[in-house]
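Everything below concerns the one structure shown next.
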Amino acid sequence: MTSPFLLPDAPADLAARIRAGGAVAWEHPVTIDTYATGAPEALPVFSESRVYQGSTGRIYPLPLIERIDAVKAPRAWDAFHLENPWVRLMVLPALGGRIHVGYDKVAGYDFFYRNNVIKPALVGLTGPWISGGVEFNWPQHHRPATYLPVDAEIETAPDGSVTVWCTDHDPFARMRASHGVTLRPDSALIELRVRLHNRTEERQTFLWWANVAARSHDRYQSFFPPDVRFVADHARRAVTAFPRADRPYYGVVYPARVDTAHPDADRLDFYANIPVPTSYMILETRDDFFGGYDHAADAGFVHWADRRIAPGKKQWTWGNAPFGHAWDRQLTDADGPYVELMAGVFTDNQPDFSYLAPGEVREFSQYWYPISRIGVPLHATTRAALSLERTDAGLRVGLASPTRHSIRIVARTAAGDRVEHPAEVGPDEPVIVVLDLDVGSVRDVSVEVLEGELSIAHWSAPEESGAEPTVATAPPAPHEIASSDELYLTGVHVAQYRHPTRDPEPYWREAVARDPGDSRPLVALAAQAYRRAEYAAAQELLTRAIARQTRHNSNPADTEAYYRLGLVLLRLGREGEALDAFGRAQWSLPWSAPARLELARADLRADRPDDALARRLDSADPRAAAIAVIALRRLDRRAEADATLARALRDDPRDRWLRSLAGSPDDLDGRTLIDLAGEYRRVGDTTAALELLARAAYAPASDAGDTRPVAGYLSAAILLERARLDDAATARWRDLDGVFPAGLDEHDALATAAELDPNDPTAPDLLGIWLYDAGRRAEALAAWRRARHAGGDRAVLLRNLALATATVEGDEHSAARIYDAAIRRSEGSARLLLERDILARRLEEPAESRLARLDAHPGSIEKRDDLVVLRADLLTDLGRAAEALDLLDGRTLRAWEGGEGLALAARDRACLTLARAALARGDRFGAFAETDRALSVPHSLGEDRHLLDSLAEIRYLRGLALGDRAEWAAGVDDPADPVRHPERVVDAATAYVGFCALALGDEDRAERCWAAIEERASRLRETADRVDYFATSVPELSLFGLDTGHVARQAAELERLARAGRSAAGGRRPTLVD
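Take the position in the sequence shown, starting the count at 1, then add 218; the result is the number in the numbering used here.
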């Protein structure tokens, strides 16, 4: 089962530099046992209502990958290595540029979790995700491109430092991010240098977290600054004290877990104490560090970043209990559990998004270094980490440093005692000294570590912070909000935080309904319309906003409306009016730089390079330098152009447009080639744009999708502008598998092509996909019907037609027939079978027909674990529970994060169905054996029970089988008991707590169960069309919208159980409840 990989030795010349104290970097593949991922899904996935880490789980235009091989095989991974005398690092560019190895050569310790296999689980936004090392999460949590490659290169600086740079364009907004992992000579300090560039025309939202994994066990401790008193859950939906939790958190009543044998069981800083999947993010600190310490290895690491821009400090764990251990097995073969110690920049929670303005560049750094032998630090900087401990012999001081220093440790007590100790400290030489000071606790002493007169670390007891932070609440519905200002800001919050189930537009529409000229919601609505390519609607909204803003003041302080109007008018082909709007937009600073950039682009399109050069463009935006280079070249000022380009590349050597202008032969993916083509097209260089699109038209399809047909249509759009109609017609046709158009340029090209050629099925087919993702679903349905009428018959088109027929027209019966045609056309697509069954459940089709549909495609069922679980459930429904159990126990299954419990529930239901059948025929021992089987969860199921999962139904049936009151007593003392566990959502399991109570003769407790069940059923009926505002992970795709019928059936089942309980109460004898 174990398969450790070997790190290659540095080449001889580099090894000599390491021995001399230098830092080196080199590229060399590493062979790692790998569980391969399946092929990307050919169907577009419209998942904007899916809940992922508290934000939208929208993945379009990326494809979904839902299959992981069950058997590993060796694979050579391209790897970049960094090493100096103290630290060894390995970066994997094919997996998002993550650091996979962080090794302390002095302590012989992996301070970052080293996963010796690449074993993805279904945790990522688009499916595969691996644990270990450091993942760089941008522009939303768990990095949408975490399983996609980055471009990587090595940079050596004059000071001897080496950096491995990783760069890509994010798959959604196409912003650029670069992160550079830097090692310096004679220092164990690791610097991560980050550069973010919003290379789009719109303001974008983002978050950025470094997700560090650390191997954990009973003696692993996460540490945060000592002034941290409270931590919060995702979206601040819950708060508890820290480090000792003083209230229920994630359903665990931590104070109740403390006893004389476990006095620290309420401490959240130790992995050992947390039994369920748990996140916590600190709320306030005056310090800049945190990290983790392995008390067994006497080693750990420190993270440091400026808290004023990097306030995020978080721990996550799967939990130290069977549920979490099952996830550990999903993600590694033998390397065990880990905790994540995440560092957030421009964010302090998840979700918590910041803004990047058009053209804006942000740069920042994060730092880590290993520590050993000193214990948990009370203070740390990039120069030193300081620990203190009161001992019988005096004050034990520990000091670790990533660099060498001659220091003085100065300690003072409140009584005026002072001790000074000189020492040498370095990466291989921590200081451990006991000072002769008699103190009651470390709070009674202050310590300063000085290098000369410079303080490099210090300690004094922090002052008590203020009041407990408030818990977030869900915003009211629009009609419940009193002020227009609050309506506008609530909409801003929902949009900025990318909420999955709450739409910002109703808030803004309500504000406009109250005041039709309210400019802020009008601009917000216009921005939304523009992103949907509803240009005329956006223009009308912006015109109204400008009319209000300029009614009394012709020079508004905020010119966003003018800037957005310029963008809209450009799309409408009204360039002269657009330039006038941009001209007004540049009158206020926030929109001046993007407006001047658009004016300079227009100058180049109109062959006015002198005018383009005269624009005062933002020198920090690499696009400004690119425009200057192009303008100088057109003026034949080659030397100036070359010097400008050289300066720009020194400032930002990884900008793809600058590199293209320099003639760099970069091997770029199809989507990045399209990005570059757009840059050239916007400055009128259609020849360069067409050359890049020609490359994109032959770029191979990848796990990020296939851009080849879209490149053809974009080429066609340029050729049409140049009146090359014959060339345009031939440029449009390509195979369409896995093609997901994105961005306004692609919408416009497809819309033009569809309008020009009514006999072309391809353009409306792809246009419909774009429109459906944008929320223009009725128009998408019309486009797909047109594609069908023009002869389109691919399975993806039929599926899309079926989906829109159900969601737009509400005709689920017709949608089912079209789905059946799509399944036949695809020869049994596994994804189509799953979607068809979701529709079948909504239509309440009988289990027999649903099972027959699956069994007609046995090969497809083998491709999807959720189809296996579905088939098992159907077998149980049809009285074939033994077959269901054989099916579930006969293969290894994988769950989506947040979707755990489906396979376990199917297995439990099959076991308990067999147990009931055995009881019905008087076979008490057979019934007991089946309940035993239910309690014994095989590892192959891929999941295990959560601490708060109920066993009441199993206990009830075991009590019936054995006549054992102890089983019923255990069933009453169950997480589903609404009295003892009011924090848990009442469900059917609560009924079995009631049945166990009845069996024990406790009718009062049973009645409380029935009342709780009826109250829950009533709430379900009242909120059947709502999802919990603070839901964190709901992986179901909600293709057809929330199934209110399913919710109603849940409510009816709860009511039935309550009636059955009350009926049984009169007899006071345990009965077999179905």
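We put the beta carbon where it would ideally sit given N, CA and C, even for glycine. Since this is a predicted model, take the numbers as computed values, not measurements.
Taking residue i and residue j to be in contact with their CB atoms under 8 Å, please state how far apart those CB atoms are, rounded to whole angstroms.
| i | j | result |
| --- | --- | --- |
| A907 | G888 | About 14 Å; that fails the 8 Å criterion. |
| I250 | I317 | Wrong, their Cβ atoms sit about 14 Å apart, outside the cutoff. |
| E1053 | L1257 | 6 Å |
| Y1037 | A1048 | At roughly 13 Å, the Cβ-Cβ gap does not stay under 8 Å, so Y1037 and A1048 are not in contact. |
| G593 | G616 | 6 Å |
| P540 | R1163 | 6 Å |
| L1238 | V1265 | 6 Å |
| R447 | S683 | 5 Å |
| Q746 | E723 | 6 Å |
| F329 | F488 | With 8 Å as the limit, F329 and F488 do not qualify as a contact, their Cβ atoms being about 18 Å apart. |
Ignore the nearest five residues each way along the sequence and tell me which others in residue i's own chain have a CB closer than 6 Å to its CB.
| i | result |
| --- | --- |
| K532 | M499, M560 |
| N355 | R361, W427, N429 |
| K839 | Position check: residue 839 holds Asp in this sequence, whereas Lys was assumed. Correct list, in chain order: G577. |
| W534 | S497, E558 |
From the options, pick the residue whose C-alpha is nearest to that of residue i; which is it?
| i | options | result |
| --- | --- | --- |
| T1208 | E1201, W1186, H770, I1231 | I1231 |
| E1027 | E997, P493, L1015 | E997 |
| V368 | P1196, D885, R1274 | D885 |
| A450 | G530, L1051, R437 | G530 |
| E778 | N302, E1271, G314, W805 | W805 |
| D798 | G784, H1199, G612, R926 | G784 |
| D869 | E704, I892, E581 | E581 |
| D388 | T400, T1110, G315 | G315 |
| R293 | E353, L224, R762 | L224 |
| E1240 | Q1268, H697, G1219, L401 | Q1268 |
| P443 | G351, W545, S605, P376 | S605 |
| S1168 | D1150, F1146, P1193 | P1193 |
Just the C-alpha distance for residue i and residue j, rounded to the nearest angstrom, thanks.
| i | j | result |
| --- | --- | --- |
| V319 | G1140 | 59 Å |
| E420 | V710 | 15 Å |
| P1200 | L313 | 43 Å |
| P1076 | W347 | 28 Å |
| N416 | H397 | 15 Å |
| A234 | V305 | 15 Å |
| L425 | R1035 | 43 Å |
| L932 | L911 | 7 Å |
| A288 | T364 | 21 Å |
| T600 | A842 | 35 Å |
| F564 | I627 | 35 Å |
| E502 | Y715 | 21 Å |
| R465 | A459 | 8 Å |
Please list, in chain order, all residues of the same chain as residue i whose beta carbon is under 8 Å from its beta carbon, the five residues on each side excluded.
| i | result |
| --- | --- |
| F1248 | G272, H452, A453, R455, A690, A692 |
| R608 | R614, V657, G658, S659, V660 |
| R852 | L822, D825, P827 |
| E681 | D445 |
| I372 | A243, W244, E245, F298, V380, T381, V382, W383 |
| H697 | E728 |
| T621 | D404, S405, A406, L407, R601, G644, P645 |
| L788 | A796, E816 |
| H623 | R601, A602, E642, V643, G644, E669, I674 |
Quick one: is the Cβ of residue i within less than 7 Å of any heavy atom of the ligand PLP?
| i | result |
| --- | --- |
| N567 | This structure lacks the ligand PLP; in fact it carries no ligand of any kind. |
Near residue i, what residues of its chain come up, given a Cβ to Cβ distance below 7 Å and the 5 sequence neighbours on each side ignored?
| i | result |
| --- | --- |
| P1196 | V1204, T1208, R1226, C1227, A1230 |
| D662 | T631, A632 |
| D1055 | R1068, L1088 |
| L1272 | A1206, I1231, R1234, A1235 |
| R900 | R819 |
| A1040 | A1013, L1016, R1017, A1020, L1050 |
Beta strand (DSSP E) runs wholly inside the region 378 to 458, at least 3 long, in chain order: As summarised for the region 378 to 458, the continuous beta strand (DSSP E) elements at least 3 residues long and confined to that stretch are 380 to 387, 394 to 401, 408 to 415, 422 to 424, 426 to 433, 438 to 441, 448 to 450, given in chain order.
For a minimum of 4 consecutive residues, which ranges assigned as the alpha helix (DSSP H) are wholly contained in the region 729 to 777? Qualifying alpha helix (DSSP H) stretches, in chain order: 737 to 749, 753 to 767.
Contiguous alpha helix (DSSP H) assignments of at least 4 residues, all confined to the region 1086 to 1171: The region 1086 to 1171 contains these whole alpha helix (DSSP H) runs: 1099 to 1107, 1120 to 1138, 1142 to 1153.
Taking the runs of the alpha helix (DSSP H) that are 4 residues or longer, which of them lie wholly in the region 1204 to 1238? 1206 to 1217
Tell me the start and end of each unbroken beta strand (DSSP E) in the region 511 to 595 that is at least 3 residues and wholly inside, in chain order. 517 to 522, 530 to 535, 556 to 563, 572 to 574, 579 to 590
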